[in-house]
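Report on the structure given below.
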Amino acid sequence: MSSRKDFFDGQRVTEGELDSAFDDLERADHNVVADLGFVGVVLNGAVSQHAPVPDLTVDVSGPAVIYDQAGRRIFFSSLQNANVAQDDNGVSTEVATTGNEKIVSVFVRFDRVLSDPRIDRRSLTVFFRRDEGFRFVVAQGGEAPAGAALPPPLRSDAILLADVTRRFGQARVVNADISIARRQDAFVVVGSPRSLRRGRTIEAIADLLAFLNAHTGGSTDRHPAGSIDYAGGAPWADGTPNPPATVEGQLDKMIADLAAPTGAPKIGAAATAGAPNALVAGTVKSQLDALLSFVNGHINRVAGAHAASAISYAGGGAWADGVTNPATTVEAQLDKLVADLAAATGAPKIGAAVAGGAPHALTAGSVKTQLDQLLGHLNGHANAASGAHVATAITCAAGPDWLGGRPNPVVSVQAQLDKIINDLAAQLVGDDGAERIGAQAVVGTPSSLPAGSVRSQLDQLLAFTNASARTNVAQTWTAPQTFNGAGGDTSPSLLVAVDPSIRKLVLEVGVSLRHRLYYTDNRLELVVNARWTGSMWERDSTLAFAARYVFERNDFRVQHVTGAIAQPFSEAAWEGPDAKAIVWDLASGLNFGETVRIGREHEAPGPLTGMSGVEAEWSPNSTANIGAAASFASGRLPAAPSSVTFTVLAESLTDSSPAAFVADRTGASWFDQTLQRASPTTKFMYVAFAGI
Amino acid sequence: MPLLEVTIDEVAQQCLTCGATHRIPLRRGYAKARRGPYKLVDGDTLEVLVDAQPAQVVTLRAVDVAQSAAVTAHELAALLAAALAGVTADVNGDAVRLVSASTAADVTALRVSGGTARAKLGFDGRRYGARLLGATKGERTAINTIELPHCPECGSKECLLRTWDVCPPAFAASHHAQHRRCVNALAQHLRALGYSDRAAKRWHDAETASPPDLDPNFPPGPLTLAPVRGDG
Numbered sequence: 000m001s002s003r004k005d006f007f008d009g010q011r012v013t014e015g016e017l018d019s020a021f022d023d024l025e026r027a028d029h030n031v032v033a034d035l036g037f038v039g040v041v042l043n044g045a046v047s048q049h050a051p052v053p054d055l056t057v058d059v060s061g062p063a064v065i066y067d068q069a070g071r072r073i074f075f076s077s078l079q080n081a082n083v084a085q086d087d088n089g090v091s092t093e094v095a096t097t098g099n100e101k102i103v104s105v106f107v108r109f110d111r112v113l114s115d116p117r118i119d120r121r122s123l124t125v126f127f128r129r130d131e132g133f134r135f136v137v138a139q140g141g142e143a144p145a146g147a148a149l150p151p152p153l154r155s156d157a158i159l160l161a162d163v164t165r166r167f168g169q170a171r172v173v174n175a176d177i178s179i180a181r182r183q184d185a186f187v188v189v190g191s192p193r194s195l196r197r198g199r200t201i202e203a204i205a206d207l208l209a210f211l212n213a214h215t216g217g218s219t220d221r222h223p224a225g226s227i228d229y230a231g232g233a234p235w236a237d238g239t240p241n242p243p244a245t246v247e248g249q250l251d252k253m254i255a256d257l258a259a260p261t262g263a264p265k266i267g268a269a270a271t272a273g274a275p276n277a278l279v280a281g282t283v284k285s286q287l288d289a290l291l292s293f294v295n296g297h298i299n300r301v302a303g304a305h306a307a308s309a310i311s312y313a314g315g316g317a318w319a320d321g322v323t324n325p326a327t328t329v330e331a332q333l334d335k336l337v338a339d340l341a342a343a344t345g346a347p348k349i350g351a352a353v354a355g356g357a358p359h360a361l362t363a364g365s366v367k368t369q370l371d372q373l374l375g376h377l378n379g380h381a382n383a384a385s386g387a388h389v390a391t392a393i394t395c396a397a398g399p400d401w402l403g404g405r406p407n408p409v410v411s412v413q414a415q416l417d418k419i420i421n422d423l424a425a426q427l428v429g430d431d432g433a434e435r436i437g438a439q440a441v442v443g444t445p446s447s448l449p450a451g452s453v454r455s456q457l458d459q460l461l462a463f464t465n466a467s468a469r470t471n472v473a474q475t476w477t478a479p480q481t482f483n484g485a486g487g488d489t490s491p492s493l494l495v496a497v498d499p500s501i502r503k504l505v506l507e508v509g510v511s512l513r514h515r516l517y518y519t520d521n522r523l524e525l526v527v528n529a530r531w532t533g534s535m536w537e538r539d540s541t542l543a544f545a546a547r548y549v550f551e552r553n554d555f556r557v558q559h560v561t562g563a564i565a566q567p568f569s570e571a572a573w574e575g576p577d578a579k580a581i582v583w584d585l586a587s588g589l590n591f592g593e594t595v596r597i598g599r600e601h602e603a604p605g606p607l608t609g610m611s612g613v614e615a616e617w618s619p620n621s622t623a624n625i626g627a628a629a630s631f632a633s634g635r636l637p638a639a640p641s642s643v644t645f646t647v648l649a650e651s652l653t654d655s656s657p658a659a660f661v662a663d664r665t666g667a668s669w670f671d672q673t674l675q676r677a678s679p680t681t682k683f684m685y686v687a688f689a690g691i
Numbered sequence: 000m001p002l003l004e005v006t007i008d009e010v011a012q013q014c015l016t017c018g019a020t021h022r023i024p025l026r027r028g029y030a031k032a033r034r035g036p037y038k039l040v041d042g043d044t045l046e047v048l049v050d051a052q053p054a055q056v057v058t059l060r061a062v063d064v065a066q067s068a069a070v071t072a073h074e075l076a077a078l079l080a081a082a083l084a085g086v087t088a089d090v091n092g093d094a095v096r097l098v099s100a101s102t103a104a105d106v107t108a109l110r111v112s113g114g115t116a117r118a119k120l121g122f123d124g125r126r127y128g129a130r131l132l133g134a135t136k137g138e139r140t141a142i143n144t145i146e147l148p149h150c151p152e153c154g155s156k157e158c159l160l161r162t163w164d165v166c167p168p169a170f171a172a173s174h175h176a177q178h179r180r181c182v183n184a185l186a187q188h189l190r191a192l193g194y195s196d197r198a199a200k201r202w203h204d205a206e207t208a209s210p211p212d213l214d215p216n217f218p219p220g221p222l223t224l225a226p227v228r229g230d231g
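Residue numbers (numbering that gives the first Met the number 0), protein chains in the order written: chain H, 0 to 691; chain B, 0 to 231.
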């Protein structure tokens, strides 16, 4: 409530009186606010970077409600913008030195907005309306190195909304530059573990209620046990007291009491019935002592503690041979063990691990398998035809000296064998292995070898060899040579290596007109007076012709090349214009199963050809036959032909159908009818024939 | 013209001169044309004497063939088979072959005696009877000769000859020896069947021996021989 003015009827009210009435009301409002302690930001007024593009101003949210220290209400409904580039005195807030900064504070303060000017009686202008208003006050602190700048002090006539940190070269203020640590909200209560910063009463109360509920519910802000009192309680069973303490202290004491060697007497234990033993009431300590006595007494019994049949055997793994050991009593299992192992099948039941050794080892298995392996090794050793022992383990008695006198003393077999090899492998002059080996006399022709050593006979053989043929040295044999000369030997007496595609001279005989045997392209050539140079033929004597006899698979050829042919001459020249040749053509000249024999006449299986003819004058009206005979032109058949084919070459007044009359191996005869003519007539027929 | 095959019904022969092959019936009259196709004209005729029967004349019509200027042997054989009595007509080596239905040794015969188509078809106009052992010309008879028809392709004529000498053993495997044995077997077969030349028959009947080189596998055969005109 405010103080009142009671204006009365007929009163002439002065300006001061009217103003004082408003002042009373306004003061009453301010007092109410001040009495309630509402100073600071109640709603909004949050400071943030300017949107949408930050610059050196900040945005202040609305609608905002703020009460200043005098209880005056500051209100603005919409978003406001405050320039922090310069302070309230128009001084720039820019930081002058790199690395420095300064704090610029944004305050809001109550203000009056004057309007509706009027002229009073003294001709003075009076603003009739004086509405509540506000304005932002920007103050800056001193520039200092980063982190050391102090903010401007709080003001008694304005409310701080935020502090803004300005840095060297800064062109815009962002949210990270804005601090509300000193912001003057209506409710700012600093405490621990909780603080409170709110504008409205309901918000502050809600926060406090949330803190309380969280504490009560135990989700946060729980009390430490040390902050809770323990009022003290009954003593332990052994009389140890439990005096008042904190919950923390009592819990620690209980653990210490029970964990100590004297813990068990502190815990009571009721009596427990049982037979043959029972436990009387006491403490855990007394009952543990009793139980220990029972157990030790049982364990210390030297006999009869239990019947084996009263002890269970849970069953176990199978024997090595797979025989099982199922669950039973200890008595039965002991009996089974004896029975299993005493049987003939006992050994396979007992496992045996790998046993290393050399030369033999035993593989993992059973006693049976390893016994078998041992027996096998023993028998193998006894029966070994070789490798029974290393030679170094066997002594070799002294033996006779080598031929030449080198001794063979007592050593091991290994050493003696090594010595034999070394003795025989020796290559020293006058002391080599060959001289230690005896050699019998060998009788031969023309040379023999007397008895001696390998050395002495090698020396003699070398002497023979140096006087005999060697494969890489030209030899001149002065006596006839025999190559693999055993009669009936199917191996070749002489082998000549050839490349079928390259003509090779195999044999050369003669002096002036040399005879040469060549092999080339699967044929033999016997050449007289010509030599193959590798690409051409060249006669030995230019005064004589050259001859060649060619033996090949398909034919046999005799060829002569004239003595006038130029040197050298080509392969083709053997059957060219300067050559003559006879060719026995087996490939195309005869069929298989045919043989041509050449004696006084050729004898060939045919077909052989011939020609026959006759021409004469027939008497008038004569139909006398016409006929003739002829020999085959090229030889004779082996026997009389069984077929004669006639081809009439020319005829006159005949039936033109000759028939064979008689034939033998040398030729055939034919005959045919003639046609009648009234006058004397010349008739003729000429035929070619072929017989087979 | 050596033999290629001998059966109890016919022989296959290859002309030694031109290489043409012919299948010739043993006991029937026979005539063979040259290899087709044949160039004929509508209305061409063919006169055929079969056995001792009167001549049969066949008129060849263009409507009966696909192309009268190139009548195939099969077309002609079909026409002749349908038109001629006592004759079978078939094709051998692309040539028409006419064979008498008769096997009477002295009767069976075939002669294409005339007509405008005779020369066009290559029939030689000769009368060919059955294959007979023996050949008579005028008053002379060759008792060992078997005449075969002239080759319609080249005109050559083969005579088979029964032989009485012995081929040397060194040539026993040769074609020469095999052919001799084959021909002798054929000749003896014809003789046994009575297919002897009329004049030669009295000599054949008087024979008491057989040729020494004789193939024992005929009859019945067949006997086959490699071609002489072969691989060389």
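Backbone N, C-alpha and C fix where the C-beta goes; we use that ideal spot for every residue, glycine too.
Cβ of residue i versus every heavy atom of the ligand SAH: is any distance shorter than 7 Å?
i: Val64/B; result: Among the components of this structure there are no ligands whatsoever, and the ligand SAH is therefore not found.
Using three-state DSSP, classify residue i as helix, strand or coil.
i: Gln439/H; result: coil
i: Phe21/H; result: helix
i: Thr58/B; result: strand
i: Pro24/B; result: strand
i: Pro358/H; result: coil
i: Ile310/H; result: coil
i: Asp130/H; result: strand
i: Glu650/H; result: strand
Looking only at its own chain, which residues have a Cβ that is under 6 Å from the Cβ of residue i, when we skip the five neighbours before and after it?
i: Glu247/H; result: Ala224, Gly225
i: Ser178/H; result: Asp162
i: Leu506/H; result: Leu516
i: Phe37/H; result: Tyr66, Ala185
Nearest by alpha-carbon distance to residue i: which of the options is it?
i: Pro144/H; options: Val103/H, Thr96/H, Asp176/H, Pro150/H; result: Thr96/H
i: Leu131/B; options: Ala205/B, Arg161/B, Ser67/B, Ala81/B; result: Arg161/B
i: Ile625/H; options: Trp669/H, Ala27/H, Leu373/H, Ala381/H; result: Trp669/H
i: Thr519/H; options: Arg197/H, Thr541/H, Arg552/H, Phe544/H; result: Arg552/H
i: Leu333/H; options: Ala352/H, Lys4/H, Ile310/H; result: Ile310/H
i: Arg26/B; options: Ala129/B, Asp196/B, Lys136/B; result: Ala129/B
i: Ala677/H; options: Ser618/H, Pro637/H, Trp235/H, Gly437/H; result: Ser618/H
i: Asp251/H; options: Tyr229/H, Thr681/H, Asp539/H; result: Tyr229/H
i: Ala80/B; options: Gln66/B, Leu97/B, Ser67/B; result: Leu97/B
What does residue i touch in chain B if you count any residue whose Cβ is under 7 Å from its own?
i: Phe631/H; result: What Phe631/H touches in chain B: nothing, since even the nearest Cβ is about 12 Å away.
i: Arg665/H; result: Residue identity differs from the one stated: residue 665/H is Thr in this sequence, not Arg. Chain B residues near Thr665/H: none, gap ~12 Å exceeds 7 Å.
i: Ala659/H; result: Ala141, Thr144, Cys158, Leu160
i: Asp671/H; result: Lys136
i: Asn620/H; result: Per Cβ cutoff of 7 Å: no residues; Asn620/H is ~13 Å from chain B at best.
Please list, in chain order, all residues of the same chain as residue i whose beta carbon is under 8 Å from its beta carbon, the five residues on each side excluded.
i: Asp86/H; result: Thr92, Val103, Val137, Ala138, Gln139
i: Gly229/B; result: Note that Gly229/B scores 45 on pLDDT, short of 50, meaning its location in the model is unreliable; the coordinates nonetheless yield the value given after this. Result list for Gly229/B: empty, nothing under 8 Å.
i: Thr16/B; result: Met0, Cys150, Cys153, Ser155
What does a CB cutoff of less than 7 Å around residue i pick up in its chain, not counting 5 residues either side in sequence?
i: Thr327/H; result: Tyr312
i: Pro325/H; result: Gly314
i: Ala84/H; result: Leu55, Ser91, Thr92
i: Asn216/B; result: Leu222
i: Gly220/B; result: Val5, Thr6, Ile7
Given that residue i touches chain H, what residues does it touch there, using C-beta distances under 7 Å?
i: Thr16/B; result: Thr644, Thr646
List, in chain order, every chain B residue whose beta-carbon is nearer than 8 Å to that of residue i.
i: Gly533/H; result: Here the premise fails: no neighbours, minimum Cβ distance about 36 Å.
Under 9 Å Cβ-Cβ, which residues of chain H neighbour residue i?
i: Asp105/B; result: What Asp105/B touches in chain H: nothing, since even the nearest Cβ is about 18 Å away.
Got a sec: which bits of the region 545-569 of chain H sit with their beta carbon under 9 Å from any beta carbon on chain B, in order along the chain?
none
Check each residue of the region 638-657 of chain H: if its Cβ is closer than 9 Å to any Cβ of chain B, include it; give the result in chain order.
Ala638, Ala639, Pro640, Ser641, Ser642, Val643, Thr644, Phe645, Thr646, Val647, Asp654, Ser655, Ser656, Pro657
Listed from N- to C-terminal order along the chain, which residues in the region 569-598 of chain H have their beta-carbon within a distance smaller than 8 Å of any beta-carbon of chain B?
Ala586, Ser587, Gly588, Leu589, Asn590, Gly592, Glu593, Thr594
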